[in-house]
Amino acid sequence: MKITFTLNGAPVTADVRANQTLLDLLRGEAIYSGKHGCETGECGACAVLVGGELRPSCLMPAARVDGRVVETAEAGGRPNRLNPIHRAFLDCGGVQCGYCTPAMVLATEQLLRQNPSPTEQEARECLSGVLCRCTGYVKPVEAILRAAVLLRGEEVPPVDRPPSGVLTPDGSGPAADTRPPAASGNTIGGEAPAALLERTLEGDPLKVVGRPQPKLDGPRLVTGRPAFVADVEVRGLLHARLLLSPHAHARITRIDATRARALPGVHAVLTHHDIPRVSYTSAGQSWPEPSPHDMRSLDDKVRFVGDRVAAVAAETPEIAAQALTLIEVEYEILPAILDMEQSTLGGASIIHDEPDSRGFGHFDFARNIAAQITATHGDVAQGFAEADLIVERTYRVPKVQQTSIEPHVTITYLDEDDRLVVRTSTQVPFHVRRIIAPLIGLPISRIRVIKPRIGGGFGGKQEVLIEDICAHLTLATGRPVKLEYTRAEEFTAARSRHPQIITIKTGVMRDGTLVANEMRVRADTGAYGSHALTVQSNTGVKTLPLYRAPHLRFECTTVYTNLPPAGAFRGYGVPQGAFALECQMDEVAHLLGMDPWEFRAKNWVRVGDVNVLSKKMNEGKEGYAQEIASCGLAECVAKASAAVGYGQPKVSPHPHKKRGVGGAIAMQGSAIPGVDMGGAWLKLNDDGSFNLLVGATDLGTGADTVMAQIAAEVLGCQAEDILVYPSDTDLTPFDTGAYASSTTYISGMAVKKAAEEAAWEIRKVAARLLGDTVHAEQIRLDDRKATAPDGRSVTLAEVALHSLHVANQQQIMGQASSVSLKSPPPFCAQFAEVEVDVETGQVTVLQMASAVDCGRAMNPVMAEGQVEGAATQALGYGHCEEMVWDEAGRMLTQDLRDYHIYEAAEMPVHHTFLVETHDPFGPFGAKAVAEVPTDAMAPAIAKAIVSKNVAPHGDPVQGGTRRYIPITCRTMLAAECSASRPDLACQK
Amino acid sequence: MLVNLRAYHRPRTPAEAVALLREGRTALLGGGTELFGLDDDTVESVIDLAPLGLDFILAHGGEVRIGAMTTLKRLAEAPEVATLAGGILARAICQAAPATIRAAATVGGTLAGNKGGEEIPTVLLALGARVTLAAPEPIKMPFELFLSAKADHLAGALITEVTVPCTDQRAGFAFVSRTPADRAIVCAAAAGARVAVGGMGPHPVLGWSDAATQAISDHRASAEYRRWVAPALVRRALAEARGEVLA
Ligand SMILES: Cc1cc2nc3c(=O)[nH]c(=O)nc-3n(C[C@H](O)[C@H](O)[C@H](O)COP(=O)(O)OP(=O)(O)OC[C@H]3O[C@@H](n4cnc5c(N)ncnc54)[C@H](O)[C@@H]3O)c2cc1C
Ligand code: FES
Ligand code: FES
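Protein sequence lines correspond, in order, to chains Z and A. Heads up: the first sequence is residues 1 to 988, going by the working numbering. Heads up: the second sequence is residues 1001 to 1247, going by the working numbering.
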């Protein structure tokens, strides 16, 4: 069918197929700003303007654009020709991974054409239908409002956050009396932030670090340039699809792909008969991976609905889909275990009965136990014997999904030397290369893994999920192959957060002194044990030591079930443990008749304390005791609680609604001590710019920009002078990858050291150029110059030209790696105000506050963005996100309508505070920031709904307490609403 | 993906569309927001309803006529709808679907499809809407009749328009959902004393007693919860329709 339409101002004639979508048509026209995030219209990543209206191009028949005007993000500008909307998004930090950004930019365009002065609510609503998993929408909304001002031709103040002040390590001390509180504030929806930091730019010795440098790779993202895995045209590309198991547990007794192979256009069909059987773990961890090796690329047994059965590569996605229907499979159905409490019962079927699976640490496949952990300090039995009061409670947390808007996607091909190139959306390129090598039978040296921009990961891409099978298909066909998950596959065949049942037993003295704390956990790893041991160790090791007690004990059994495997998800075990621990602390305080915050403050860690459990357990081995060298916890609590008015009476204007506030705290780590390693390599160019090659994997967080800031700080230039090239296994040094909050701390330290090495070479050359009287040590690098004490200077460009071309020629460069035995914990406090409709049980979160002690904030705007995004994921965890399955183990939540993540218009007001301390170990005093704010919001919400105001009769101990999340209506049964909540019952 | 979709028809009249429909293995194309998101290998051709001139909103003779190809966005923004029954239809539409979908989805597709939420049909039911089908002769029927046997009515027919009686009577709409922008789990709409309840069964029903008997259970809420919450929502919708202030 011939159609003609206007695309970004130019006429286009195209021949379209009846089932072709506009998204597909645009990609054929080399328009890549429309992204694939789902197939059913929910995510909005593909949205473009048709006739001036934003709509999903994935659902629009291409034939329908005949005669119409289509505009995409490409029309707005180029990286070197940005428009005011682009500028606003970059300056405000409205771009993280950038996958949703083109659609957001178009939404802004549409709004501002019709309404040059939108209100904040209108700005939020214009994003309706465009989901973002990274930002929490705070900064995009700010960007829309700023763009409006710019387009009206009015003046805008620079987006600025004052530079980091340095607090004494414990967040108090001299800093408190010489400076105002060291927090930068930012709110959405509420009144203007009350306590914006008043520190000034003058006097801060740091010029680049600590300032809100806009994302360096932002221009390409706001203009929709082809930056992501799927945004390339590869000649001869085949499309892969996977045949997934319809059964939760079954043996494949016969599989015959003859008919599928005979289908014209099919190039390969692989079943377990066609590839070698090699056991591995998909967990992207350092060698030797501390997860059981219990998977095969293709197996003769399936262990969950969604497990791989076969893989197809064909000329078109349609042919591949059709081929799947032609594969004949017969199954012997086995009894399935869908409830983690039944996994270890006698008579339960054995999920891993194959002889070639290998466990790690303590495990027992015969009893469906993937990993068992214990870590103790002192003797809890003795502690309980001494205690005046013992409280034991059980808590439950659900299975939730990472839900990056870009699904898993990989393209594999053979290069001109027949080496395998894997272009993939991953957090762990180096682990991918090492882990797939034995599976596909190639030496590591014949594999190159490239990570382009990635559209969010959140742990879901710390997994070698599809690279192996895509590579198998390329090796089988000799052709380039693309494999991209659908949204439904993300929910059925990717990874999720381990659900847990957590029992805590606490022994405490009458005066509130903790004597013993014991946490016993049962966790569900699903069908495979990826991260089964390590996620769960964090559940105890990173939570229990938050409160000092002479006797601590943590024990966990992680079991297999016939459900989709769990894995890494931002927070890595801590959100689970923190929910239980923080609820428990309130219950104990309540029984003691103490104020929960007084009780907490009496017992929480302080500077100089040692996390003893971290010595007992670290990536499945003995670890390193961690001394707390900086802690801004008290300041965090003060900031976050004040922001939501904790302790003030909260009254809803509606008689049937009640309001309450809850809060909680958490700590995390900064990298895995003694394991995480990152390398950096830096070289000076003729014009004084630098190439910085790092293994660090920016998964949308802005890590590349932070790396550039660190290098620029040391080298006395601007962040723009540093050209960052990240994570390509052929070109960059090794890095363990983007996980465990390691990037700024570990990779950043490597960059700092590499830059210092290069800076030294620059000083030496500069000293030569400036004459005999000057020594290299005396030279200061600043303002793109090397300056002698007497004020004479040479530019970096002069140094470069001289050293490359004139005399004593050398390439000025620096290289370093970094590993640390210290993992300084960042801390946070999070508070939420909720409104409960007592006639319906509906819970609405009205506002939330997150205050994070992240050491020095390397880039305060980006750090705030990390906090806002994390808190929004935590809001979902506490309030509405939950994977639900039926009695056959089939996921009922397979799209983003059934699995609800927050959208812009419904976001509560969010107050963000960075409480900066100076940590002695991290680069420039930095600790991690991105994970800790996923930890404490869920307990804050759960506590808010049982706060006195909401449930006056809801004695937290008699059953009024929420000991599970999420707080959806599904779990709000009539019985519960009336029985355990007399206040609700009497209103009915 | 509609892997086997190969033919794309653009009929000029409803009769032509119905004739094509009778050929089988075909689907009517409204906005495509449901159809093009399906994984369905049985659809071999689509019938584009856009050329039929069904994109209209006409207020006359005491009723508002809404063409089946009117988008939800146009409907929600139309002045005729803004004033209709206190604007509850517009409110229900904005609650139901995000702006991107409202710009694409049509009224006909929303009523004929199976994935739309409960809000819009519940409100239409309370407002006493009527549906006109072309089969190919026009058949006009009360919305409740259409809902009671939707698949039968739609066999070999298409929706051409929906009529809503104009009323300056107040109306009310109440719902409960997981989060403020999520679709309703249970909702109730009232126009005067006429109440409709959605989310209790496969489709919304008139009156409360019918709704209570059929409550379903799903991953968003249990049947007990639905039964427990529905009376409160009905009370609220009625109270709003009586002019009592609520939120
Ligand atoms: C992310 C998302 C969220 C949504 N949320 C909601 C919600 O909460 N509430 C809600 O109400 N809707 C919601 N919708 C919209 C709803 O699910 C449908 O997609 C939409 O209403 C279908 O309208 P359409 O015009 O695009 O129909 P199409 O996709 O074109 O058609 C849908 C079905 O109806 C048939 N059909 C179309 N027009 C006619 C006609 N005139 N006569 C007979 N049959 C016809 C088609 O053959 C097809 O079977 C949502 C949609 C998406 C994508
Ligand atoms: S809405 Fe089109 S890809 Fe998700
Ligand atoms: S920035 Fe929005 S999805 Fe990543």
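Backbone N, C-alpha and C fix where the C-beta goes; we use that ideal spot for every residue, glycine too.
Same chain, Cβ closer than 8 Å to residue i, five either side skipped, listed in chain order
| i | result |
| --- | --- |
| Asp-24/Z | Ala-62 |
| Phe-599/Z | Gly-512, Met-585, Val-588, Ala-589, Leu-592 |
| Asp-339/Z | Thr-561 |
| Leu-1020/A | His-1009, Pro-1011, Thr-1026, Ser-1045, Ile-1047 |
CA-to-CA distance, residue j to residue i, given in whole angstroms
| i | j | result |
| --- | --- | --- |
| Gly-98/Z | Ala-366/Z | 46 Å |
| His-654/Z | Gly-1199/A | 25 Å |
| Phe-1175/A | Gly-41/Z | 23 Å |
| Leu-1054/A | His-1203/A | 25 Å |
| Ser-286/Z | Arg-1227/A | 52 Å |
| Asp-704/Z | Gln-213/Z | 11 Å |
| Asp-1218/A | Arg-479/Z | 45 Å |
| Gln-810/Z | Lys-683/Z | 11 Å |
| Glu-318/Z | Ala-260/Z | 13 Å |
Cβ-based burial, residue i [other Cβ within 10 Å; buried from 16]
| i | result |
| --- | --- |
| Asn-808/Z | exposed |
| Leu-692/Z | buried |
| Ala-1082/A | exposed |
| Pro-181/Z | Model confidence at Pro-181/Z stands at a pLDDT of 31, short of 50, so the residue's coordinates are unreliable; what they give is reported in the following sentence. Looking at its Cβ environment, which holds 16 or more other Cβ atoms inside 10 Å, Pro-181/Z is buried. |
| His-293/Z | buried |
| Asn-1058/A | For the record, residue 1058/A in the displayed sequence is Leu; it is not Asn. Label assigned to Leu-1058/A: exposed. |
| Glu-1023/A | exposed |
| Arg-353/Z | Contrary to the premise, residue 353/Z reads as Asp rather than Arg in this sequence. Exposed. |
| Gly-855/Z | buried |
| Ile-746/Z | buried |
| Met-509/Z | exposed |
Contacts of residue i in chain Z (Cβ-Cβ under 7 Å)
| i | result |
| --- | --- |
| Leu-1206/A | Result: empty, since nearest Cβ-Cβ is about 22 Å, beyond 7 Å. |
| Ala-1103/A | Glu-53, Leu-54, Arg-55 |
| Gly-1053/A | What Gly-1053/A touches in chain Z: nothing, since even the nearest Cβ is about 16 Å away. |
| Gly-1037/A | Glu-39, Thr-40, Gly-41, Leu-59 |
| Arg-1006/A | Ala-18 |
7 Å Cβ shell around residue i - same chain, five flanking residues per side excluded
| i | result |
| --- | --- |
| Ala-940/Z | Gly-662, Gly-663, Ala-664, Gln-830, Phe-831, Ala-832 |
| Ala-767/Z | Val-774, His-775, Ala-776, Ile-779 |
| Pro-956/Z | In this prediction, Pro-956/Z scores a pLDDT of 40, lower than 50, which makes its location untrustworthy; the coordinate-derived value is nonetheless stated afterwards. Asp-586, Glu-587, His-590, Val-946, listed in sequence order. |
| Ala-75/Z | Asn-8, Gly-9 |
| Ala-348/Z | Ile-337, Gln-342, Asn-368 |
Helix, strand or coil at residue i [DSSP, three-state]
| i | result |
| --- | --- |
| Ala-1078/A | coil |
| Lys-785/Z | strand |
| Met-858/Z | coil |
| Asp-721/Z | helix |
| Tyr-32/Z | coil |
| Cys-92/Z | helix |
| Thr-1179/A | coil |
| Lys-616/Z | helix |
| His-911/Z | strand |
| Leu-333/Z | Looking at the sequence itself, residue 333/Z is Ile, so the reference to Leu does not match. Three-state result, Ile-333/Z: strand. |
| Ser-286/Z | coil |
| Asn-611/Z | strand |
Beta-carbon neighbours of residue i, restricted to chain Z and to distances below 8 Å
| i | result |
| --- | --- |
| Met-1001/A | Asn-19, Glu-39, Pro-317, Glu-318, Ala-321 |
| Arg-1183/A | Arg-897 |
Contacting residues, own chain, Cβ-Cβ under 6 Å from residue i (five flanking each side not counted)
| i | result |
| --- | --- |
| Arg-1102/A | Leu-1072, Lys-1073 |
Listed by chain order, chain A residues near residue i by CB distance under 7 Å
| i | result |
| --- | --- |
| Asp-898/Z | His-1219 |
Where residue i meets chain A, residues with beta-carbon distance less than 8 Å
| i | result |
| --- | --- |
| His-879/Z | Arg-1178, Thr-1179 |
| Ser-128/Z | Pro-1098, Ala-1099, Thr-1100, Ala-1181 |
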